[in-house]
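The sequence shown runs contiguously to residue 262 in my numbering.
Below is one structure, written out as structure tokens; the observations come after it.
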Amino acid sequence: MSETAHTPADLGIAGSTILVTGGVRGVGAGIADVLEGLGATVVVCARRPPAESIEGRDFHSCDVRDPDAVAAMIDAILSRHERIDGLVNNAGGSPFALAADASDRFTQKILELNLLAPMIVSRAVRAVMSKQEHGGAVVNVSSVSGHRPSPGTSAYGAAKAGLDNLTQSLAVEWAPAVRLNSVVCGPVQTELSHLHYGDDAGIAAVGATIPMGRLASSVDVGRAVAFLLSPLASYITGSTLTVHGGGEKPAFLSASNADNAV
1 MSETAHTPAD
11 LGIAGSTILV
21 TGGVRGVGAG
31 IADVLEGLGA
41 TVVVCARRPP
51 AESIEGRDFH
61 SCDVRDPDAV
71 AAMIDAILSR
81 HERIDGLVNN
91 AGGSPFALAA
101 DASDRFTQKI
111 LELNLLAPMI
121 VSRAVRAVMS
131 KQEHGGAVVN
141 VSSVSGHRPS
151 PGTSAYGAAK
161 AGLDNLTQSL
171 AVEWAPAVRL
181 NSVVCGPVQT
191 ELSHLHYGDD
201 AGIAAVGATI
211 PMGRLASSVD
221 VGRAVAFLLS
231 PLASYITGST
241 LTVHGGGEKP
251 AFLSASNADN
261 AV
């Protein structure tokens, strides 16, 4: 665990068992680092094993779009840890593809990964949590792409909008045993940022458009997730917590020739 992931606080999740999908790299790895730093037992899954060892974490190879594979993973987690206290539906993403050029199969896969998979995993975990004395909590990692135009990743944006609505709906259906909330992320700097923003200059230029002056780190996201999973958020369900550094400055401010210092 990196020092930057250390969160010097007691959120009450020490000793809990938390599953993080897509938890071996990028935002998911940062979330796992934060949760581990708070004393949780972190279980991670991905379709392929990580290139480097993730010492101290229980890894499962799983395609979260496959209900049978998810059911087998949940059984394996219960066999080893006996309970699941938290779930972070982090697995997702999309390469750039204009809607008119994308194949139907491509679009289907993006929707499956970013919307259907979180529902599949959440349903499987809910069956476990609902039988536990203290229930459990689910956090869905969403995106600002679901709340504004998302050119080049339109299927992804639509899926994230659906994920936030799913969060609200299931929060009503599954209360009070299981809480569900979503973290709506803006741009996050990870080892994959260059695929979206280019070189360091490109990443810095994107950061300059954000009021906080930088992209989020995966640790920023992880701390928000940890709060929502914790007893401190025991009355929060069906909510979206926006982690975007103040959002994006309106385009008209840059286009305007008025004396505007914002």
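From the three backbone atoms N, C-alpha and C, an ideal C-beta is built for every residue, glycine too.
Just so we're clear, the structure is a prediction, and the values are computed from it rather than from any experiment.
In three-state DSSP terms, what is glycine 22? Walking along the sequence shown from the start, residue 22 turns up at place 22. Coil.
With which residues is aspartate 58 paired in a DSSP beta bridge? For this step, residue 58 is matched to residue 58 along the sequence shown. DSSP output for aspartate 58 lists Val43 as bridge partner(s).
Within the same chain, show all residues whose beta-carbon is closer than 6 Å to that of threonine 242, passing over the 5 residues directly before and after it, in chain order. Residue mapping note: residue 242 aligns to position 242 of the sequence shown, counting from 1. Within the same chain, Cβ atoms closer than 6 Å to the Cβ of threonine 242 are found at Val184, the five residues on either side in sequence being excluded.
In its own chain, which residues sit with a C-beta less than 8 Å from the C-beta of isoleucine 18, not counting the 5 before and 5 after it? Within the sequence shown, residue 18 is the residue found at index 18, counting from 1. Excluding residues within five positions, the ones whose Cβ falls inside 8 Å are Leu35, Ala40, Thr41, Val42, Val43, Ile84, Asp85, Gly86, Leu87, Val88 and Leu229.
Buried versus exposed, by CB contacts within 10 Å (16 or more), phenylalanine 96: By one-based count along the sequence shown, residue 96 stands at place 96. The Cβ neighbour count for phenylalanine 96, taken over all protein chains shown within 10 Å, is under 16; the residue is labelled exposed.
Exposed unless 16 or more other CB atoms sit within 10 angstroms - verdict on serine 2: Start at 1 with the first residue of the sequence shown, and residue 2 comes out as number 2. Its pLDDT being 44, under 50, serine 2 is placed unreliably in this model, and the coordinates cannot settle the point.
Spatial distance of arginine 105 from aspartate 10 (CA atoms): Within the sequence shown, the letter at position 105 stands for residue 105. Within the sequence shown, the letter at position 10 stands for residue 10. Taking the CA atoms as reference points, arginine 105 sits about 45 Å from aspartate 10.
Residue burial classification, glutamine 189 (beta-carbon count within 10 angstroms, cutoff 16): One-based indexing of the sequence shown puts residue 189 at position 189. Around the C-beta of glutamine 189, 16 or more other C-beta atoms lie within 10 Å, and the residue is accordingly described as buried.
Taking C-alpha atoms, which residue in Gln132, Ser94 and His60 lies nearest to glutamate 112? Here residue 112 refers to the residue found at position 112 when the sequence shown is read from its first residue. Nearest option by C-alpha distance: Ser94.
Decide if alanine 204 is buried, meaning its Cβ has at least 16 other Cβ atoms within 10 Å, or exposed. Residue 204 sits at position 204 when you count from the first residue of the sequence shown. Looking at its Cβ environment, which holds fewer than 16 other Cβ atoms inside 10 Å, alanine 204 is exposed.
C-beta atoms of alanine 323 and glycine 23 nearer than 7 Å: The first residue shown for the chain is 1 and the last is 262, placing residue 323 beyond what the model contains.
Is alanine 137 near arginine 179, with beta carbons less than 7 Å apart? In the sequence shown, counting from the first residue as 1, residue 137 sits at position 137. In the sequence shown, counting from the first residue as 1, residue 179 sits at position 179. Cβ distance < 7 Å, so alanine 137 and arginine 179 count as in contact.
Would the stretch 63-70 count as touching the stretch 115-135 if we require 3 or more Cβ pairs under 8 Å? A contact exists between the stretch 63-70 and the stretch 115-135.
Out of Asp66, Asp164 and Glu133, state which residue places its alpha-carbon closest to the alpha-carbon of asparagine 140. Numbered from 1 along the sequence shown, position 140 holds the residue referred to as residue 140. Of Asp66, Asp164 and Glu133, the smallest CA-CA separation from asparagine 140 is found for Asp164.
Starting from leucine 170 and walking both ways along the beta strand (DSSP E), at which residues does that stretch end? Here residue 170 refers to the residue found at position 170 of the sequence shown. Here leucine 170 belongs to no beta strand (DSSP E); instead the alpha helix (DSSP H) covers 154-174.
Leucine 38 vs alanine 226 beta-carbon contact at 7 Å: The residue you call residue 38 lines up with position 38 of the sequence shown. The residue you call residue 226 lines up with position 226 of the sequence shown. Yes.
Starting from threonine 209, trace the alpha helix (DSSP H) both ways and give me its first and last residue. Residue 209 sits at position 209 when you count from the first residue of the sequence shown. First-last for threonine 209: undefined, no H or E at that position.
Measure the CB-CB distance between valine 20 and valine 64 and report whether it falls below 7 Å. Against the sequence shown, residue 20 aligns to sequence position 20. Against the sequence shown, residue 64 aligns to sequence position 64. No, the pair does not count as a contact, with Cβ atoms beyond the cut-off.
Taking the beta strand (DSSP E) that serine 218 falls in, what are its first and last residues? Position 218 of the sequence shown, counting from 1, holds the residue named residue 218. Here serine 218 belongs to no beta strand (DSSP E); instead the alpha helix (DSSP H) covers 218-229.
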